[in-house]
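First the structure, in the form of structure tokens, and then the observations on it.
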Amino acid sequence: MTDEESAVVMDRDEIDELLGTGGVGVLGLAEESDPYAIPVSYGYDADAGEVYLRLGFGEESEKERYLESSERAALVVTAEDDRGWASVVVRGPLAEIPEASIDGTVVEAIRSIDIPFFTIYEEAPRELEYQLYRLRPEEITGRREKPPVGIE
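Under the UniProt record's numbering, the residue at position 83 of the sequence shown is numbered 83, and the numbers go up by one with no gaps.
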């Protein structure tokens, strides 16, 4: 069975549902032809169609180096439930939101989403420097498992 036979394209409502208000996904970056992917916490504001990421940096952060060299990023979020698997890919530019420039609109958007605390670092969380980033989607695609014939 080909991928097209086993999957269907998700509509915007299904994508918004999967992304929810936040969760954990995999952020993909690149430095020239060298890929870099890491699990991250994210929040999603469906009204604005934007993704917010809280990223932590240790000393000599490899992630920070890739962020500086990547013009675009990709966030992959997956889920599986009784309807089967689903995945969403969000692609676009990723930019730091400096604390001084966080306006009321961003504060309201962040309050309405849930960015879970997720860490994979060797350092204690309080030893890391955290920054808020916004991923402005240029493209959002979603696919889900095609239900068996007769089931929708």
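The C-beta atom is built at its ideal place from N, Cα and C for all residues, glycine as well.
Since we're looking at a predicted model, the values are computed, not measured.
- The alpha-carbon of Ala37 is positioned some 22 Å away from that of Gly49.
- In the DSSP assignment, Asp45 falls within the unbroken beta strand (DSSP E) covering 34-45.
- Scanning its chain for C-beta atoms nearer than 8 Å, with the 5 sequence neighbours on each side dropped, one finds around Gly92 the residues Arg72, Ala73, Leu135, Arg136, Pro137, Glu138, Glu139, in chain order.
- Ranked by Cα distance from Ile97, the first of Lys63, Val51, Thr141 is Val51.
- Where Ile140 is concerned, the enclosing beta strand (DSSP E) starts and stops at 139-145.
- Each residue's CA atom was taken as its position, placing Ile15 and Ala86 some 9 Å apart.
- Cβ neighbours of Glu62 within its own chain (closer than 8 Å, five residues either side excluded): Tyr36.
- In the displayed model, Ser87 falls within a strand according to three-state DSSP.
- Taking Val89 as reference, the option from Gly22, Gly142, Glu17 with the minimal CA-CA separation is Gly142.
- Residues Tyr36, Tyr66, Ser69, Ser70 of the same chain have their beta carbon placed closer than 8 Å to that of Ala30, with the five preceding and five following residues left out of the count.
- Judged by their CB atoms, Gly28 and Gly43 are not nearer to each other than the 7 Å cut-off.
- In this structure, the straight-line span from the alpha carbon of Leu53 to that of Asp47 is close to 17 Å.
- Asp81: member of the beta strand (DSSP E) spanning 73-81, first to last residue.
- When C-alpha distances from Val40 are compared across Gly20, Gly25, Glu129, Leu132, the shortest belongs to Gly25.
- Leu94 places its beta carbon less than 7 Å from that of Tyr133.
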